[in-house]
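Let me begin by presenting the structure, written as structure tokens, before commenting on it.
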Amino acid sequence: MRNVTLILDDGSRFSGKSFGYEKPVAGEVVFNTAMTGYPESLTDPSYAGQLMTLTFPLVGNYGVPPFTIEPNGLATFMESEKIHAEAIIVSDYSYEYSHWNAVESLADWLKREKIPGITGIDTRELTKVLREHGVMMGKIVFDESDEELIMKNEEFPSYADINYVDRVSCKEIIHYFPDGTSNCSTADSSFLIPHSSLKKVVLVDCGVKTNIIRCLLKRNVEVIRVPWDYDYNGLEFDGLFISNGPGDPDTCDVAVQNIRKAMANEKLPIFGICMGNQLLSKAGGAKIYKLKYGHRSHNQPVRMVGTERCFITSQNHGYAVDNNTLSADWEPLFINMNDGSNEGIKHKKNPWFSAQFHPEAASGPTDTEFLFDEFVKLL
Ligand SMILES: NC(=O)CC[C@H](N)C(=O)O
1 MRNVTLILDD GSRFSGKSFG YEKPVAGEVV FNTAMTGYPE SLTDPSYAGQ
51 LMTLTFPLVG NYGVPPFTIE PNGLATFMES EKIHAEAIIV SDYSYEYSHW
101 NAVESLADWL KREKIPGITG IDTRELTKVL REHGVMMGKI VFDESDEELI
151 MKNEEFPSYA DINYVDRVSC KEIIHYFPDG TSNCSTADSS FLIPHSSLKK
201 VVLVDCGVKT NIIRCLLKRN VEVIRVPWDY DYNGLEFDGL FISNGPGDPD
251 TCDVAVQNIR KAMANEKLPI FGICMGNQLL SKAGGAKIYK LKYGHRSHNQ
301 PVRMVGTERC FITSQNHGYA VDNNTLSADW EPLFINMNDG SNEGIKHKKN
351 PWFSAQFHPE AASGPTDTEF LFDEFVKLL
């Protein structure tokens, strides 16, 4: 096994062994404390540009499910069409795997998708460094020549400067129907497709996870997935959904402008998840800041404001909405019980709300899936 080194921006080095594809990469080093879910997390487009460290020590022991695609074009078991994380960093890669639905090992999958994997890293120590310093950029290098190459290379600008949403969003409009079919078009004429009697939800794709689309379809609505910067205003639809997505929400001003335009219709139901919470908040005038090391796990406790109800949620975000900047028309909907940060907002009069966590789970607890019911009821 080839030696490989992770070098953080502050100069700290961690040595391990390669078990994935061998190529030098750079990205924002983040940690996730979930015990399971590597197939879903690796294919979650919100991890684009990031080197994903897993703190749970044993990784790979349940293999990888098949990458089958449903007739509507969505992957059956994955959250998108490919791995979006730049690399995976683990403590103890399990070369043996066993699971009823596994068809290959994590190592083989990584090699096929040309994604590096490192094992033998003290991921708890690495996480302590990231918790104390905050997340930082890092590089994975295989030998000294790689190191020099990456050091000199200008092609790795800082994480916040890249519009990752533009990289991962769909490039055409796709209609999904609850009967499991879909059709797509690059032209606006796709809206001329004979309209069904179903309620229609425009889904602004900032890097949507497939389980969000599945959760909507399961509730018998037609989903019209549009590119992140597409202006859907003027079209006929019953509700607006704003998806999760990678990177800094400040790179998505076009999407914010479009949401503001949609808000001219005070009766239009709007629901956002994760990046969607941040973009809806920005459209409402609030400000976003970067958390020191983000929330990435399956056990983030959130309280519904005004109640004693607490939910355990799945999360993956590095930015947060500043509660103090919400205008008088808005209020926090959920608050994180660990650090008091914002976990969702709601408008005081209009049917507009959002969650910073992932009610669609995939992976993680499904306790908050009822938020999709609430949204569909409003349509
Ligand atoms: N999962 C997401 O949508 C993440 C949102 C945003 N990119 C963040 O890191 O905060």
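First residue of the sequence shown? That's 1 in the UniProt record's numbering, and the numbers climb one at a time after it. Note that CB positions come from ideal geometry on N, CA and C, so glycine has one too. Remember, it's a predicted structure, so these values are computed and weren't measured experimentally.
Within the DSSP bridge table, the entry for glycine 344 names Ala355 as partners. The alpha-carbon of proline 269 is positioned some 21 angstroms away from that of lysine 209.
About 6 angstroms separates the beta carbons of valine 135 and glycine 294, which is inside the 8 angstroms limit, making them a contact pair.
Straight-line measurement puts the Cα of proline 332 at about 16 angstroms from the Cα of asparagine 338.
Put simply, the backbone Cα of glycine 138 is about 27 angstroms away from that of leucine 279.
In the three-state DSSP reduction, valine 208 falls in the coil class, being neither helix nor strand. When C-alpha distances from alanine 34 are compared across Val59, Gly49 and Ile345, the shortest belongs to Val59.
Contact annotation: alanine 48 and proline 351 have beta-carbon atoms that are not nearer than 8 angstroms.
If the five residues before and after aspartate 367 are omitted, its C-beta is found closer than 8 angstroms to the C-beta atoms of Phe311, Ile312 and Thr313, all from its own chain and listed in chain order. Short of 7 angstroms from the beta carbon of tyrosine 21, and not among the five residues preceding or following it, lie these beta carbons of its own chain, in chain order: Leu110, Lys111, Lys114, Ile115 and Pro116. Taking non-hydrogen atoms of ligand 1 into account, the C-beta of cysteine 184 is found less than 7 angstroms away from none of them. Per DSSP, the unbroken alpha helix (DSSP H) holding lysine 128 starts and ends at 123-133. Look at lysine 114 here: in three-state DSSP terms it is coil, with no helix or strand label. Restricting attention to His175, Gly120, Asp44 and Arg13, the CA atom closest to the CA of glutamate 81 is found in Asp44.
For the stretch 242-323, the continuous alpha helix (DSSP H) assignments of 4+ residues that do not extend past its boundaries occur at 253-262 and 275-283, in sequence order.
Ranked by Cα distance from valine 141, the options Asp253, Arg2, Ile273 and His99 are led by Arg2.
The C-beta separation of cysteine 206 from alanine 255 comes to about 7 angstroms, placing the pair in contact by the 8 angstroms criterion. Proximity of the beta carbon of tyrosine 319 to ligand 1 is indicated: a heavy atom of the ligand is located closer than 7 angstroms.
Distance check between tryptophan 100 and each of Asn61, His317, Gln50 and Cys274 places Asn61 closest, using alpha-carbon atoms only.
With fewer than 16 other CB atoms across the displayed protein chains lying within 10 angstroms of its CB, aspartate 10 is exposed. In this chain, the beta strand (DSSP E) harbouring threonine 5 covers 3-8. Remark: the shortest separation between the CB of glycine 245 and any heavy atom of ligand 1 falls under 7 angstroms.
Assigned with DSSP and collapsed to three states, aspartate 161 falls in helix.
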